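Under the working numbering, the residues of the sequence shown are numbered 8 to 435, in order.
Below is one structure, written out as structure tokens; the observations come after it.
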Amino acid sequence: MPSAIPSFLADALRRPVAVLGGGVSGTGAVALVRALGGQAEIYDVKGAALTAEAAARHGLVVFSPGFAPAHPWLALARAAGAICLGELDFASLFWRGEIIAITGTNGKTTLTEFLAQALRDTGTEAQATGNIGYPFTQLVVDTDGGSETAVAVCEVSSFQAESMQHFRAAAVLWTNFAEDHLERHGSLEGYFAAKAVLLQRLREGGRGFVGESVARYAANTRRRLPVGTQVVVSEHCVFDPELGDTIFSDYPQRENFELARAWWRAEGRPEEALRRTARAFRLGRHRLARVAEVDGVTYWNDSKATNFHAVEAALHHFAAPVRLIAGGRGKGGDIAAFVARAAPQVEQWFLIGETRTELAAAVSALGRPPTVCESLADAVRQAAAGARPGTQILLSPGFASFDMFRSYEDRGDQFERVVQELRAAPSF
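In structure tokens form, the structure reads like this:
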């Protein structure tokens, strides 16, 4: 059974709880409400809507990250006097153990999984959770609230951080900061402020660790990081030759390792244990993964690259310009500036999704006509048609997947299927 119900929620949990969003976060929230002995009702944009009449029946509303604080349904709930908590915030109230929060524009999933694995390898009860597809609410249910010595290594997006009221972390590791999610936060300043909430939610005695780009943006905008925040400048760190054959040998993953090591050292843990995990650790799927070589052409799946910063990091992995498949649902940001930065590393652009027209205009303005494609399969085949042996074809979209796919995983899976079809086709 999860830990005791806080007094301020006791009355609200005696009434049906409204859960906004029917995805994985909403499903986890429903499971936790039921584990607490309560009842839950789901409201979703694809199902039942939360009306003023419905809102009046609920004392507590738990909302998924897709619901911005200003969403009309949340406004109705607040007007009806309901307590409104994000799914992550709600879960944290019933977790007995420690929380390590991981955030950043890029690299946060890898760092979350790596740190959780390193802790487990040293005998600590640890689980990666949060914005990685395993909701914190579901972890609380699955572990009965965890033990007092358990660690939840929690990936936190800006969508989850911005409305936090109760979440308290023992440490925050903020990998990097670059343009993203401007469609939600309105500006770069708003995006930074949303993530910075995490540093404000450190528990007493907690520590913050941030990458150089985070500190640089804070300094340039005259924002003060909390006293005691450690800035990890990975370029100044002595390279560890033991990491030479690992994913942490190059950027951006080297920065992840340095952040993990800074926290690991602060905790007094043996560094050799962290290096041991690093040597065995592998990236998850859809993260700059080599799919296959077909007729001398190599195909790479980087579908998780949903922002400009991630695409640029992927491009710098290659020694020569690549054939790039890009495009999707826009998230705000300066597309022309992104194209200009990426262009030297791109041999030819193959554009898909809702942003393909805007991307095409930006690429054409540089005097390099792109190939505009109707589908991902069309893009893969067109990229393959003109490729010479030794060419690298990279899916690194730079945008959200929801215009054409269920998720970035679905987009990556479909890419891999088309590549395997090319592989199976007879050569003449």
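Backbone N, C-alpha and C fix where the C-beta goes; we use that ideal spot for every residue, glycine too.
Quantities reported herein were computed from a predicted structural model and do not represent experimental measurements.
By how many angstroms is the C-alpha of residue j removed from the C-alpha of residue i?
{"i": "E428", "j": "R395", "result": "18 Å"}
{"i": "F435", "j": "V426", "result": "Annotation note: pLDDT 45 at F435 (below 50); position unreliable, coordinate value reported separately. So the alpha carbons of these two residues sit roughly 17 Å apart."}
{"i": "F255", "j": "A125", "result": "14 Å"}
{"i": "A123", "j": "H78", "result": "34 Å"}
{"i": "T136", "j": "R272", "result": "23 Å"}
{"i": "E219", "j": "R230", "result": "14 Å"}
{"i": "V370", "j": "D309", "result": "21 Å"}
{"i": "F288", "j": "D252", "result": "11 Å"}
{"i": "R418", "j": "F412", "result": "6 Å"}
{"i": "E190", "j": "R22", "result": "35 Å"}
{"i": "A431", "j": "R424", "result": "11 Å"}
{"i": "N227", "j": "A203", "result": "15 Å"}
{"i": "A343", "j": "Q134", "result": "40 Å"}
{"i": "G193", "j": "D341", "result": "13 Å"}
{"i": "A312", "j": "G291", "result": "13 Å"}
{"i": "A75", "j": "Q389", "result": "39 Å"}
{"i": "S408", "j": "G335", "result": "6 Å"}
{"i": "Q46", "j": "A25", "result": "9 Å"}
{"i": "V69", "j": "F325", "result": "44 Å"}
{"i": "F15", "j": "L266", "result": "37 Å"}
{"i": "F406", "j": "G152", "result": "36 Å"}
{"i": "Q224", "j": "R210", "result": "Here the sequence assigns Tyr to residue 224, which means Gln is not the residue at that position. Near 24 Å, if we compare the C-alpha coordinates of R210 and Y224."}
{"i": "E162", "j": "P376", "result": "39 Å"}
{"i": "A222", "j": "D247", "result": "24 Å"}
{"i": "L195", "j": "G339", "result": "10 Å"}
At which residues does the beta strand (DSSP E) containing residue i begin and terminate?
{"i": "W271", "result": "Element bounds for W271: not the beta strand (DSSP E) but the alpha helix (DSSP H), Q260 to A273."}
{"i": "Q237", "result": "Q237 to V239"}
{"i": "A47", "result": "A47 to Y50"}
{"i": "W181", "result": "A176 to W181"}
{"i": "Q399", "result": "Q399 to L402"}
{"i": "L92", "result": "I90 to G93"}
Determine the extent of the alpha helix (DSSP H) in which residue i is found, giving its start and end residues.
{"i": "F121", "result": "K115 to D128"}
{"i": "Q421", "result": "Y415 to A431"}
{"i": "R204", "result": "The amino acid occupying residue 204 in the given sequence is Val; Arg does not appear at that position. Per DSSP, V204 belongs to the alpha helix (DSSP H) from L195 to Q207."}
{"i": "E365", "result": "R363 to S371"}
{"i": "G339", "result": "Note, G339: premise wrong, no alpha helix (DSSP H); not H, not E."}
{"i": "G33", "result": "V31 to A42"}
{"i": "L290", "result": "Looking at the DSSP string, L290 is not in any alpha helix (DSSP H), and its letter there is neither H nor E."}
{"i": "R276", "result": "Note, R276: premise wrong, no alpha helix (DSSP H); not H, not E."}
Using a threshold of 8 Å, state whether the C-beta atoms of residue i and residue j are closer than that.
{"i": "T507", "j": "A280", "result": "No information on residue 507 is available, as it lies outside the stretch 8 to 435 that the chain covers here."}
{"i": "F439", "j": "L331", "result": "Only positions 8 to 435 of the chain appear in the structure, and residue 439 is not among them; the question remains open."}
{"i": "N138", "j": "S170", "result": "no"}
{"i": "F184", "j": "F166", "result": "no"}
{"i": "E48", "j": "S71", "result": "no"}
{"i": "A177", "j": "I109", "result": "no"}
{"i": "V346", "j": "L373", "result": "yes"}
{"i": "E300", "j": "P328", "result": "no"}
{"i": "P9", "j": "L57", "result": "no"}
{"i": "G66", "j": "A19", "result": "yes"}
{"i": "T2", "j": "F121", "result": "For residue 2 there is no data in the structure shown, the boundaries of the chain being 8 and 435."}
{"i": "V318", "j": "A349", "result": "yes"}
{"i": "G114", "j": "W181", "result": "no"}
{"i": "G337", "j": "T362", "result": "yes"}
{"i": "Y258", "j": "A320", "result": "yes"}
{"i": "E132", "j": "S154", "result": "yes"}
{"i": "D96", "j": "H188", "result": "no"}
{"i": "V160", "j": "T116", "result": "no"}
{"i": "Q421", "j": "L383", "result": "yes"}
{"i": "Y50", "j": "L81", "result": "no"}
Per DSSP, what are the beta-bridge partners of residue i in this structure?
{"i": "G140", "result": "DSSP lists no partner for G140."}
{"i": "V301", "result": "V304"}
{"i": "V353", "result": "V329"}
{"i": "V221", "result": "BP columns for V221 are empty, so no partner."}
{"i": "C161", "result": "A108 and T136"}
{"i": "A25", "result": "E48 and V68"}
{"i": "Y85", "result": "Reading the sequence as shown, one finds Arg at residue 85 and not Tyr. In DSSP, R85 forms no bridge with anything."}
{"i": "R214", "result": "A178"}
{"i": "T228", "result": "Note: T228 sits in no beta bridge, so no partner."}
{"i": "L20", "result": "Its beta-bridge partners do not exist; DSSP assigns none."}
Using a Cβ-Cβ cut-off of 8 Å, state whether residue i counts as contacting chain C.
{"i": "R21", "result": "Checking the listed chains, one finds no chain C in this structure; it contains a single protein chain."}
- Three-pair Cβ contact test at 8 Å for the region 228 to 236 versus the region 198 to 216: A contact between stretches requires three or more CB pairs, one per stretch, nearer than 8 Å, and the region 228 to 236 meets this requirement with the region 198 to 216.
Can you confirm whether the region 391 to 405 touches the region 299 to 309 when touching is taken to mean that 3 or more C-beta pairs between the two stretches lie within less than 8 Å?
These segments touch.
- Count the CB pairs spanning the region 137 to 157 and the region 100 to 114 that are closer than 8 Å, and state whether there are at least three. Yes, they touch.
With a threshold of 8 Å, are at least 3 pairs of Cβ atoms found where one atom belongs to the region 57 to 70 and the other to the region 82 to 89? The region 57 to 70 is in contact with the region 82 to 89.
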